[in-house]
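S.K.: Would you mind keeping the following structure in view while I ask a few things?
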Amino acid sequence: MYIPPHFQEQREEVLLGLIAKNPLSAIVWQSPDGTVADHIPLSFKKSELGNGYLIGHVARNNPLWQHAANQEVLVIFQGANAYISPNWYATKQETGKVVPTWNYVAVHVYGKIRAIEDANWIFQQISTLTSLHEQSQTKPWKVTDAPSDYIDRMISAIVGIEIEITNIIGKSKMSQNQVTHNQQSVGTALNNLGSEMAKSVADLVLGKSEHI
């Protein structure tokens with residue numbers, strides 16, 4: 005990923021925060037037939053040594069877990085993004101020297117992937133993932149709410165994956181290359197759109213949020 009210095013994001017807590025907030029990843033790997041991207045929700049797991057792991061699971065019928073084993077894969081996470089109209093720049097009226105662009109944030113993770121078929125490991129992984137994403141429910145669903153024999157059958161149909169992180173890089177392109185009054189006018193225009201995504205981008209452009 006091309007990252008100009010003014011768009012570079014290196015703070016670990018910010019990068020991991022984006023992963024936690026936007027867990028649906030694209031895992032890019034090499035199959036016997038060429039490059040493949042699989043969209044898989046992943047979560048970060050700390051390790052005593054190294055950079056930690058990304059963990060998740062895939063369908064047993066998905067060839068990723070067999071063909072990508074021990075490959076270095078690229079995992080892409082994307083956060084808030086929005087089209088930026090030239091009409092929003094304050095300097096449009098002054099010089100007319102403006103063009104459209106797209107503001108976005110992204111994290112790229114590189115690592116070695118391995119498959120895990122241990123049923124207990126998979127049970128813990130899906131339990132943790134479910135608990136995390138059920139938090140907003142009035143009565144959160146738990147894996148143990150379903151009949152155990154049914155869960156056993158479901159677990160037999162999936163395979164765990166663990167990606168040992170070797171490198172992580174981030175890019176936050178949020179109008180840092182614009183003068184202050186352009187940033188302010190862009191932020192105002194985004195807020196006026198009214199959508200949650202546009203507001204998230206506005207907060208980043210205006211410096212109201214560091215959590216990409």
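For the sequence shown, our numbering gives the first residue as 5, with consecutive numbering after it.
By construction, the Cβ of each residue, glycine as well, lies at the ideal position given by its N, Cα and C atoms.
1) With DSSP as the reference, identify every bridge partner of N137, one or two as the case may be.
2) Which residues in the same chain as I169 place their Cβ atom closer than 8 Å to its Cβ, once the five residues preceding and following it in sequence are excluded?
3) To test your reading of the DSSP string, which unbroken alpha helix (DSSP H) runs of 4 or more residues are found completely within the stretch 94-119?
4) Would you mind giving the Cβ-Cβ distance between L60 and P45, rounded to the nearest angstrom? I have them listed as a contact below 8 Å.
5) Looking at the secondary structure, which residues open and close the alpha helix (DSSP H) in which W92 lies?
6) If we count Cβ pairs, one from each stretch, closer than 8 Å, do we get three or more for the stretch 74-94 versus the stretch 132-146?
7) Near V109, which residues of its chain fall below 8 Å by C-beta distance, leaving aside the five closest residues on each side in sequence?
8) In this structure, how does DSSP classify P27 when only helix, strand and coil are distinguished?
9) Take L67 and list the residues in its own chain whose beta-carbon comes closer than 7 Å to its own, dropping the five residues that flank it on each side.
10) Which same chain residues end up closer than 6 Å to I172 when comparing Cβ atoms and leaving out the 5 residues on each side of it in sequence?
11) Give a yes or no on whether the minimum CB-CB distance between Y93 and chain B is below 7 Å.
12) One question on the structure: do A161 and R15 come within less than 7 Å of each other, judged by their Cβ atoms?
13) Quick one: what's H61 bridged to in DSSP?
14) Do V183 and L194 come within 7 Å of each other at the CB atom, strictly closer than that value?
15) Pull up the DSSP beta-bridge partners for F81, would you.
16) Report the option in P27, I80, W106 whose CA atom is closest to the CA atom of W92.
17) Since V77 and I7 should fall inside the 8 Å C-beta cutoff, what is the C-beta to C-beta distance between them, to a whole number of angstroms?
M.R.: On the basis of the data shown:
1) Along the sequence shown, read from residue 1 onward, the residue named residue 137 stands at position 133. One point to set straight first is that residue 137 is His, not Asn, in the sequence displayed. None; H137 has no bridge partner.
2) For this step, residue 169 is matched to residue 165 along the sequence shown. Answer for I169: G54, N55, G56, Y57, L58, V113, Y114, G115, listed in chain order.
3) none
4) Sequence index remark: in the sequence shown, residue 60 carries index 56 (1-based). Sequence index remark: in the sequence shown, residue 45 carries index 41 (1-based). According to the sequence as given, residue 60 is Gly; it is not Leu. With a Cβ gap of about 6 Å, G60 and P45 count as contacting.
5) Sequence index remark: in the sequence shown, residue 92 carries index 88 (1-based). No alpha helix (DSSP H) holds W92; DSSP gives it neither H nor E.
6) no
7) As a working mapping, residue 109 is identified with position 105 in the sequence shown. Same-chain partners within the cutoff: E13, L22, Q82, G83, A84, N85, G174, K175, S176, K177, M178, L208, I216.
8) In the sequence shown, residue 27 corresponds to position 23, counting from 1. Residue state, collapsed to three classes: coil.
9) Here residue 67 refers to the residue found at position 63 of the sequence shown. Per the sequence shown, residue 67 should be read as Pro rather than Leu. S35, listed in sequence order.
10) Numbered from 1 along the sequence shown, position 168 holds the residue referred to as residue 172. Hits under 6 Å: L19, V113.
11) Chain labels in this structure do not include chain B; a single protein chain is all it has.
12) Locating residue 161 in the sequence shown gives position 157, where the first residue counts as 1. Locating residue 15 in the sequence shown gives position 11, where the first residue counts as 1. Between A161 and R15, the CB-CB gap reaches or exceeds 7 Å.
13) Position 57 of the sequence shown holds residue 61. DSSP lists G164 as partners of H61.
14) Along the sequence shown, one-based indexing puts residue 194 at 190. Along the sequence shown, one-based indexing puts residue 183 at 179. No, the Cβ-Cβ distance between L194 and V183 is not below 7 Å.
15) Here the question's residue 81 lines up with position 77 in the sequence shown. Residue pairing by DSSP puts F81 in a beta bridge opposite V111.
16) Taking the sequence shown and counting its residues from 1, the one referred to as residue 92 is at position 88. It is W106 whose Cα lies nearest to the Cα of W92.
17) Counting from 1 along the sequence shown, the entry for residue 77 is found at position 73. Counting from 1 along the sequence shown, the entry for residue 7 is found at position 3. Not really, about 20 Å apart at Cβ, beyond 8 Å.
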